[in-house]
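A.B. asks: This is the structure I want to talk about, given as structure tokens.
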Amino acid sequence: MNDLGRWYGQVVGLNDLSLEIGEGITGLIGPNGAGKSTFLKLIAGEIRPSRGSLRVLGEVPFANRALFARLGFCPQQDALYERMTGMQFVSFLVRLSGYSQADAMKLAGRALERVDLMEAAHRPTRTYSKGMRQRVKLAQAIAHKPELLVVDEPLTGLDPIARESLTSLFKELASEGTSILLSSHVLHEVESMTNEIVLLHRGRLLAQGEVREVRDLLSRHPRRIEFSARSPRKLAGALMELELVSSIQVSAEDSRLLVETSDAGGFFRALTPVVASGDFGVTSMECADEDLESVFDYLVT
Amino acid sequence: MATTHTEVYRGFKGQLSAHPFRWLPLFLSEFAVATRKKLPLLLLYGPVAIATIVAMVMVYLTYIVEGVGDSTESIRSGTDVASAFALAAVQSMLEVRVFITQFYDRMSIFCLLAATWFGSGLICEDRRVNAHLLYFSRPLNRLHYFLGKFVTVGTFAAFAMLVPGLIICLMAVVNSEDYAFLKEQGDVIVYSTLYALLWIVSTSSFVLAISSLAPKKLFALVGVFGFYMMSEMFVEVAREMGKAEFFQYFSPGGNLFAIADWMLARPGAEFTDQVMYSFVGLGAMVGGALFVLARRLKRMELSV
Amino acid sequence: MLSLQNLEVLFGTVRALDRLSVEVPHGSVGLLGPNGAGKTTLIKVLLGLLAPTSGSAQLAGLDPRRNADKLQLRRIVGYMPESDCLIPGRTGIELVATLGRITGLSNADAMTRAHEMLDYVGLEDQRYRSLDQYSTGMKQRLKLAQALVHDPLFLLLDEPTNGLDPKGRRHMLELIEDLGATHGKNILLCSHLLPDVEKTCDHVVVIQHGRVIESGSIEELTRAEDGELNVEISGDTAAFEAELKAASLVFDSRGGGHYGMSLAGGQADADSVFALAHRSHCDVLSVEPVRSSLEQVFLSVLHEAEGEKD
């Protein structure tokens, strides 16, 4: 089931988008107004593309009841039926996807347990805290054991504890074989869950794939590698000899060294023998712009 | 980490003043915002302006026409010219006096409308958008906040009742010979001003109290009108049942009109028990409104 | 800068702050804690809005319990609330200038400062626009500008990066960092996003159930023992592991060429790793001393405190 979704063409808020999304967790990122929510609503079948076509789990999602049973959607809006208890809310929505009352109760109970909300399950949702509201929304999305879970900004405004418990829940679900498409504003949050990203900007697909692979494609920006060493100047001198190094910056007071190279692989190959043969006291060495944040910055200008 | 802002932050070298009128900027800003929309201003104060101009003309005409008419009559009947003119002048001043009291009575409805429209959003909207967080984290306490809001409503109410009234009074004074109106009928100016202030203060307190209870402006608007209508209806019903004397003290309008009957008809009218009860009734209601306000503002301050 | 002694706040029988004592140094401080830990109550006490039941708090030598200090306190504090609290129907410049006047700036000063602050936060083009048309990012920046208008010594920032996209977040963090580092503001930052705190603050105070359960510099809290390394290599990993074994180094393989290892005798530099890699014909891709993130520290501190309670 690699061929999760496919859509072509122009839709509201999105422009000429074609891509495929596979299993596991995929992070959907982009600046405000990039079309993330539109994109997720399209997948969840809440709106219809004005142009082009789209398949989710092999089916056309718009108003497709059969598909709804295989898909869980957790929207960004904080909209609950305030009078219902958590249990009633979740079981009610589960029944909508075609389960009997008894089954719905059982599934709802199990889902609430997963999101750790059993204690509050029989309280009206209007008494819930922000974290609990997010979790009850998530419970209704996972209760019917969907193959694909679509979540829009699930961690916004939560405290670190709630954040951690939801993050590990997502990882758990993914390891059980649920595909998860998850949008977020907070890049390190996405990074803590997955390396697979889809980056939207101005309604267009800007990048897709594994973060490091995406970074490799950005040849316009030289790689920046940061060193800490006891003798930074000596190390700089040695590195100067390497052909692939295009610039070196030394900041002696905190013994740091910033090296730019256009070919990271080649650089590392040449680097290891140099460091191994000298006495530079290297205490750390890492890529300064390989993380999601740098990739995001390079792409979204 | 090197930052590349072009923005520059500069410190403030001067001193922050601690003057006691910290509510003034709040009032000025509320006033500026409220007067930005021209249509409500036009709808409310258009009629007020027209009424004021008409009243000014009428005051002017009272002096001219009455004076001329009476004096010609007097001359014909053989009295001496000077005393005839004097008599006519006194008569027209008395007429103007009555006219002024009637004018205040009529304009009170505009006072109510203006206070309601411009005042009902003042507190509830702050609470709805959490603006009180910005105010109460500054050297502004509940009293300053209240004053800022109160003066705002009061100003709008004053422009609907007191200011037109004072213009008419001024007209009456200027047009009378040797400012005789001021000397002979000056008390009416004092009493009508006090009466207008009673209206302004009581309506403003009611409007603000209801605004502090309502979740948004529309509800506060409905609430204020509901409050006035209900209290009037209550009095009407009581009157039908023959108990008007007592129940009228529960209506702000009833009380105010009862007070007007005494205050504006002075010196002829007597300070009856009924008038006293009206004062007590109105005072209790305003006190209640201020109490509600104090409670609500305290809660707002603590909800930061 | 901020010193709290046995601060206690009771709401009826609920103890919102429970004998809270802490000394916070000058500089940027992150105030951390789960929801309901008492952060908001502490802010109310610091603004002089809520009188503590017992104990005392001092901010720059001013005591919010003394009436005379209460209003003075709010002159030296700039508060950026978490919620959207901007009054519709006003322009940005109007709001900031009005709030400046309320704080005690003269008309002319308020206007000048308001313009400068809007420039500083990057709202120069939107200053005459009505607040209804502001986006989340613009609102957050405006909230910062209004907190700065009277040039306070102390800034209370409550979730300043909430709802911002990556660019907006970074801009906000840069501003906060600049204010603390370049302009000498003392900052108390409440945030659920611990990487933000890590980036902008030197010190953290963690509270839970109204008590301080940890306080210290981030540098110290996140430092690991010397010689603990995370290493990534590419090439013949089997050969590399053999070399590691030969050098009798303790290591664990995390797959994909990632290793965690501890160098003998707490050795600080990693030259030997390069040597070993070179010998096994591998390339070193990264070497970093193990550092726990603030997030990890925070969660473990909380769990520990929970454990003690039980």
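Chains as they are written, first to last, in my numbering: chain A, 51 to 351; chain B, -17 to 286; chain C, 5 to 314.
Here a beta-carbon is modelled for each residue, glycine too, at the ideal position from N, C-alpha and C.
For clarity, every value in this text was computed on a predicted model and none was experimentally measured.
1. How should residue 222/C be labelled, buried or exposed, when 16 other C-beta atoms within 10 angstroms of its C-beta is the threshold for buried?
2. Contact criterion: CB-CB distance below 7 Å. Does residue 127/B meet it with respect to chain C?
3. Rank 321/A, 280/A, 292/A by C-alpha distance to the C-alpha of residue 304/A and give the top, closest one.
4. I need the straight-line Cα distance from residue 287/B to residue 75/C, nearest angstrom please.
5. At what residues does the alpha helix (DSSP H) containing residue 180/C begin and finish?
6. Exposed or buried, which one is residue 159/B when buried takes at least 16 other CB atoms within 10 Å?
7. Relative to the alpha-carbon of residue 192/A, which residue among 178/A, 160/A, 213/A has its alpha-carbon at the smallest distance?
8. Per DSSP, residue 262/C forms a beta bridge with which residues?
9. Does chain C have any CB closer than 7 Å to the CB of residue 346/A?
10. Taking the DSSP output, what are the residues bridged to residue 60/C?
11. Which same chain residues end up closer than 6 Å to residue 94/C when comparing Cβ atoms and leaving out the 5 residues on each side of it in sequence?
12. Since residue 283/B meets chain C, which of its residues come closer than 7 Å, beta carbon to beta carbon?
13. Report the neighbours of residue 120/C on chain B: residues whose CB is nearer than 7 Å to its CB, in chain order.
14. Can you name the residues of chain C whose CB is closer than 7 Å to the CB of residue -4/B?
15. Between residue 211/A and chain C, is any beta-carbon pair separated by less than 7 Å?
16. Does the distance from the C-beta atom of residue 44/C to that of residue 13/C stay below 7 Å?
17. Use the C-beta contact count for residue 173/C: other C-beta atoms within 10 angstroms, 16 or more gives buried, fewer gives exposed.
18. With 16 as the cutoff for other CB atoms within 10 Å, does residue -4/B come out buried or exposed?
19. Put residue 38/B into one of helix, strand or coil per three-state DSSP.
20. Against chain C, does residue 113/B count as a neighbour if the rule is that its beta carbon must be under 7 Å from one of theirs?
21. Output the distance between the C-alpha atoms of residue 247/A and residue 261/A, rounded to the nearest integer angstrom.
22. According to DSSP, is residue 126/B part of a helix, a strand, or is it coil?
23. Report yes or no: do the region 263 to 282 of chain B and the region 203 to 211 of chain B share at least 3 C-beta pairs separated by less than 8 Å?
24. Cβ atoms of residue 130/A and residue 362/A: under 7 Å apart, would you say?
25. Let's test the definition: count the other Cβ atoms within 10 Å of the Cβ of residue 111/C and tell me whether it reaches 16, buried, or not, exposed.
26. If you draw a straight line from the alpha carbon of residue 91/C to that of residue 116/B, how long is it in whole angstroms?
27. Establish whether the CB of residue 15/B and some CB of chain C are separated by less than 7 Å.
28. Starting from residue 334/A and walking both ways along the beta strand (DSSP E), at which residues does that stretch end?
29. Spatial neighbours of residue 192/B within its chain, please: CB distance less than 6 Å, with the 5 preceding and 5 following residues excluded, ordered by chain position.
30. For the region 167 to 192 of chain B, which residues have a CB atom closer than 7 Å to at least one CB atom of chain C, in sequence order?
31. List the endpoints of the continuous alpha helix (DSSP H) containing residue 245/B.
32. At the 7 Å Cβ level, is residue 3/C part of the contact set with chain B, yes or no?
33. Please classify residue 198/A: is it buried, with 16 or more other beta-carbons within 10 angstroms of its beta-carbon, or exposed?
34. Since residue 336/A meets chain C, which of its residues come closer than 8 Å, beta carbon to beta carbon?
35. Assuming residue 332/A and residue 278/C are in contact, meaning their beta carbons sit under 8 Å apart, how far apart are those beta carbons, in whole angstroms?
36. Three-state secondary structure (DSSP) at residue 286/C?
C.D. replies: Let's see:
1. Using a 10 angstroms sphere on the CB of residue 222/C, the tally of other CB atoms reaches 16 or more, which defines it as buried.
2. At a cut-off of 7 Å between C-beta atoms, residue 127/B does not count as an interface residue with respect to chain C.
3. Answer by Cα proximity: 280/A.
4. Here chain B comprises residues numbered -17 to 286, so residue 287/B is not present and cannot be evaluated.
5. For residue 180/C, the uninterrupted alpha helix (DSSP H) segment begins and ends at 170 to 185.
6. Burial call: exposed.
7. Of the candidates 178/A, 160/A, 213/A, the one whose C-alpha sits nearest the C-alpha of residue 192/A is 160/A.
8. Beta-bridge analysis with DSSP links residue 262/C to 236/C, 259/C.
9. Judged by the 7 Å Cβ criterion, residue 346/A is in contact with chain C.
10. Beta-bridge pairing links residue 60/C to 9/C.
11. The residues are 135.
12. Going along chain C in sequence order, the residues near residue 283/B (Cβ under 7 Å) are 53.
13. Residues of chain B with a Cβ closer than 7 Å to the Cβ of residue 120/C are, in chain order, -8.
14. Within chain C, the residues whose beta carbon sits less than 7 Å from that of residue -4/B are 113, listed in sequence order.
15. True, the Cβ-Cβ gap to chain C drops below 7 Å.
16. Pairing residue 44/C with residue 13/C gives a Cβ-Cβ distance that is not under 7 Å.
17. Around the C-beta of residue 173/C, 16 or more other C-beta atoms lie within 10 Å, and the residue is accordingly described as buried.
18. Exposed, by the Cβ-count rule.
19. DSSP, read as helix, strand or coil, puts residue 38/B in helix.
20. With 7 Å as the cut-off, residue 113/B counts as an interface residue toward chain C.
21. Pairing residue 247/A with residue 261/A, the inter-Cα distance amounts to about 7 Å.
22. Helix.
23. No, the region 263 to 282 of chain B does not touch the region 203 to 211 of chain B.
24. Summary: the structure shown does not reach residue 362/A, with chain A confined to residues 51 through 351, and so no result is reported for it.
25. With fewer than 16 Cβ atoms within 10 Å of its Cβ, residue 111/C is classed as exposed.
26. Roughly 10 Å between the two C-alpha positions.
27. Taking Cβ atoms only, chain C reaches closer than 7 Å to residue 15/B, which makes this a yes.
28. From DSSP, the beta strand (DSSP E) with residue 334/A extends over 332 to 337.
29. The answer, listed in chain order, is 202, 205, 206.
30. Listed by position along the chain: nothing, the set is empty.
31. Per DSSP, residue 245/B is one residue of the alpha helix (DSSP H) stretching across 234 to 245.
32. Because chain C is modelled from 5 through 314, residue 3/C falls outside the range shown and cannot be assessed.
33. Buried, because 16 or more other Cβ atoms sit within 10 Å of the Cβ of residue 198/A.
34. For residue 336/A, the residues of chain C that pass the 8 Å Cβ criterion are 290, 291, 292, in the order they occur in the chain.
35. Indeed, because the Cβ distance is near 7 Å, the residues count as touching under 8 Å.
36. Of the three classes helix, strand and coil, the one that applies to residue 286/C here is coil, per DSSP.
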